[in-house]
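**Student:** Sequential numbering from 6 applies to the sequence shown in this note's numbering.
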Amino acid sequence: MSREKEPEAGICKVCGCTDNHACYDADYGPCWWVDETYTLCSHCAGPEYPDSLAALRLMDSEDEEI
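What follows is the structure, given as structure tokens:
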């Protein structure tokens, strides 16, 4: 029986980006860590993480509706 490898701090568990090779968004720039273990970047995290790109885009779209 194989066990899944524990996520490594400083490497996104979804896309594999790191501090030196960050994801990039044309509107928001490079990604940042949204969890305390540094295993989930802002560009991969969902809107349930308030500091994620998805949450920022959601807030921006709500501001545009006003």
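We put the beta carbon where it would ideally sit given N, CA and C, even for glycine.
1) Can you grab the Cα-Cα spacing for the pair I16 / C36, in whole Å?
2) For P12, which residues of its own chain have a beta-carbon under 6 Å away from its beta-carbon, when the five flanking residues on both sides are left out?
3) What did DSSP end up calling D56 once you bin it into helix, strand or coil?
4) In whole angstroms, what is the alpha-carbon distance linking E9 and G51?
5) Are the CB atoms of L61 and Y33 nearer to each other than 8 Å?
**Tutor:** Concretely, from the data shown:
1) Position 11 of the sequence shown holds residue 16. Position 31 of the sequence shown holds residue 36. The straight-line gap from Cα to Cα measures roughly 12 Å.
2) Taking the first residue of the sequence shown as position 1, residue 12 is located at position 7. So the qualifying residues of the chain are K18, T44.
3) Within the sequence shown, residue 56 is the residue found at index 51, counting from 1. Here D56 sits in coil by DSSP.
4) Working through the sequence shown from its first residue, we reach residue 9 at position 4. Working through the sequence shown from its first residue, we reach residue 51 at position 46. Near 22 Å, if we compare the C-alpha coordinates of G51 and E9.
5) Against the sequence shown, residue 61 aligns to sequence position 56. Against the sequence shown, residue 33 aligns to sequence position 28. Yes, the pair counts as a contact, with Cβ atoms nearer than the cut-off.
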